[in-house]
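Okay, so here's the structure we're looking at.
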Amino acid sequence: VQLQASGGGLVQAGRSLRLRCVASVSTFGNRALGWYRQAPGKQRELVAIFRSDGSARYGDSVKGRFTISRDNGKNEVYLQMYSLKSEDTAVYYCYLHDGLHDYWGQGTLVTVSS
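The opening position of the sequence shown corresponds to residue 11 in our numbering, with each subsequent residue numbered one higher.
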């Protein structure tokens, strides 16, 4: 399984950015599919994820600002980020769990300038 994330970059605080992840396998029916991030010197944390029942779960720090969506026909998952803050600066990783294994993408860097 390969996960290819894209869409990161340098953005000013308060602006928006959209991340995209393409999976090499079908994303339909996966137990979990979504995004984590890791800031310098910090542990990796949940950003947003689709659970096995299809519902979305968000990290507390992004609730109300980020939206996760998916297109199973394209095997893609997206993260729309609004009102970005400097503390959102991190490497964002696409994540997939197929019921047996965890898979991680290579990450895409998001840098928010204040």
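C-beta atoms are modelled at their ideal positions from N, C-alpha and C, and glycine is treated no differently.
Residue ranges of each beta strand (DSSP E) run of no fewer than 3 residues wholly in the stretch 60-119, ordered along the chain? 66-68, 76-81, 86-91, 100-107, 112-114
DSSP state of T121 mapped onto helix, strand, coil: Per DSSP, reduced to three states, the secondary structure at T121 is strand.
Straight-line Cα distance separating R80 from W45: 12 Å
Counting along the chain, where does the beta strand (DSSP E) carrying S16 start and finish? 13-16
Do you know how far the Cα of K95 is from the Cα of G24? 6 Å
As assigned by DSSP and simplified to three states, the class of A49: Looking at A49 - three-state DSSP - the assignment turns out to be coil, as it is neither helix nor strand.
Within 8 Å, strictly: CB atoms of R61 and A42: yes
Taking buried to mean at least 16 other C-beta atoms within 10 Å of its own C-beta, is L119 buried or exposed? exposed
DSSP state of R41 mapped onto helix, strand, coil: coil
Have a look at the DSSP bridge pairing and note the partners of F33. One detail in the question is off: residue 33 reads as Ala in this sequence, not Phe. L13.
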